[in-house]
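Here the structure is laid out as structure tokens; the discussion comes afterwards.
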Amino acid sequence: MNLVAGTNIQVQSEAAATASFCGFTNSAAPGGTAFTAFDAANGCALPPNLAGIVYVTLTSDAPATGVLTDDITVAGPMVMQLS
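Going by the working numbering, the first residue of the sequence shown is number 3, and it counts up by one from there.
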């Protein structure tokens with residue numbers, strides 16, 4: 003499977019019910035983290051402009067600053083390698 007922007011990924015966690023977003027942390031993202039909507043049934047879509055090592059977290063919020071903090075992190079990180 004080729005993982006490109008817009009590809010949905012499934013994420014499983016005991017904390018999924020409290021998550022509203024996936025955070026994708028990578029130096030290419032403004033502020034460090036790009037966020038996309040998450041729901042337990044459908045997962046979340048990969049945002050554009052990510053490559054290399056990406057850390058995926060489930061979060062309760064998606065700050066416009068792109069800054070991931072402990073108070074919004076509900077699960078993760080999980081490491082993905084994108085090329």
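Glycine included, every Cβ here is placed at the ideal spot set by N, Cα and C.
In the pairwise beta carbon analysis, the region 62-71 is classified as touching the region 33-42: at least three pairs are separated by under 8 angstroms. The three-state secondary structure of G34, taken from DSSP, is helix. In the DSSP annotation of this structure, V6 is not part of any beta strand (DSSP E), being labelled neither H nor E. Nearest to F40 by alpha-carbon distance, out of T27, V56, I11 and E16, is I11. Distance check between T20 and each of T71, L84, T61 and I55 places T61 closest, using alpha-carbon atoms only.
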